[in-house]
Amino acid sequence: MTSHAPRGPAPHGPAAAPPVLAYDGDCGFCQTSVDRIRGLAAPALEAVPWQFLPAESTAPYLERLDREVLLLRGGTVLAGGADALARWLATSPSAAYRALAAVLRLPGLRVCARVVYRWVSRNRHRLPGGTPACAVPPHGE
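Shown next, in the form of structure tokens:
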């Protein structure tokens, strides 16, 4: 039997914290989507409205956070948009959702997932659960 004990000292600080999926808590469509994914896939990583995260970890990314979910660890973006959702789904205890995450990360499908994600992001105020508050501001605002 092989030991899987960690080597060296345990990491400390923000880099040691597990990543979180940061989403727009003011958007009804986003909240509904996160709640639905939580209920179906039960990802192990936490999803938190970016408005509830420490300002120092979100301030550099406010424009992106208005447009896409971000997988954050401390003040570092690990992934955004469709890539962040795929990584979040990959933490599901369900083999089916982990397989879906792997498929979404395949090169050809990854490009398609990103295109679909951008369309959904731009139109989220028109989708079920969306409200005028969900509208994404034009770039640069």
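For what it's worth, the numbering used here labels the leading residue of the sequence shown as 833, then goes sequentially. A virtual CB, placed ideally from N, CA and C, is assigned to each residue, including glycine.
State the beta-bridge partners of residue i as determined by DSSP.
| i | result |
| --- | --- |
| Tyr855 | Pro881 |
| Val952 | Bridge partners of Val952: none, in fact. |
| Arg905 | Thr908 |
Below 9 Å between beta carbons: does that hold for residue i and residue j?
| i | j | result |
| --- | --- | --- |
| Ala945 | Ala928 | no |
| Gly857 | Trp882 | yes |
| Leu941 | Ala933 | no |
| Val968 | Arg899 | yes |
| Ser924 | Ala887 | no |
| Leu885 | Ala931 | no |
Any idea if residue i is buried or exposed, counting beta-carbon neighbours within 10 angstroms, 16 or more meaning buried?
| i | result |
| --- | --- |
| Ala876 | exposed |
| Ala849 | exposed |
| Ala879 | buried |
| Asp915 | buried |
| Arg954 | exposed |
| Leu936 | buried |
| Val943 | exposed |
| Leu872 | exposed |
Return the chain-ordered list of same chain residues with a C-beta closer than 6 Å to the C-beta of residue i, the five sequence neighbours on each side being excluded.
| i | result |
| --- | --- |
| Thr963 | Gly860 |
| Glu895 | none |
| Leu959 | Phe861 |
What residue range is occupied by the uninterrupted alpha helix (DSSP H) comprising residue i?
| i | result |
| --- | --- |
| Thr963 | Premise fails: Thr963 is in no alpha helix (DSSP H) and is neither H nor E. |
| Val935 | Ala927 to Leu936 |
| Val866 | Gly860 to Ala873 |
| Glu900 | From DSSP, Glu900 is part of no alpha helix (DSSP H); its letter is neither H nor E. |
| Thr890 | Ala887 to Thr890 |
| Thr918 | Sequence check: residue 918 is Ala here, not Thr. Gly913 to Leu921 is the extent of the alpha helix (DSSP H) around Ala918. |
Give every residue of the same chain whose Cβ lies closer than 7 Å to the Cβ of residue i, excluding the five residues on either side of it in the sequence, and list them in chain order.
| i | result |
| --- | --- |
| Pro851 | Leu877, Leu903, Leu904, Arg905 and Leu910 |
In chain order, what residues of the same chain lie with their CB nearer than 8 Å to the CB of residue i, ignoring the 5 residues before and after it?
| i | result |
| --- | --- |
| Ser889 | Pro846, Leu904, Gly906 and Gly907 |
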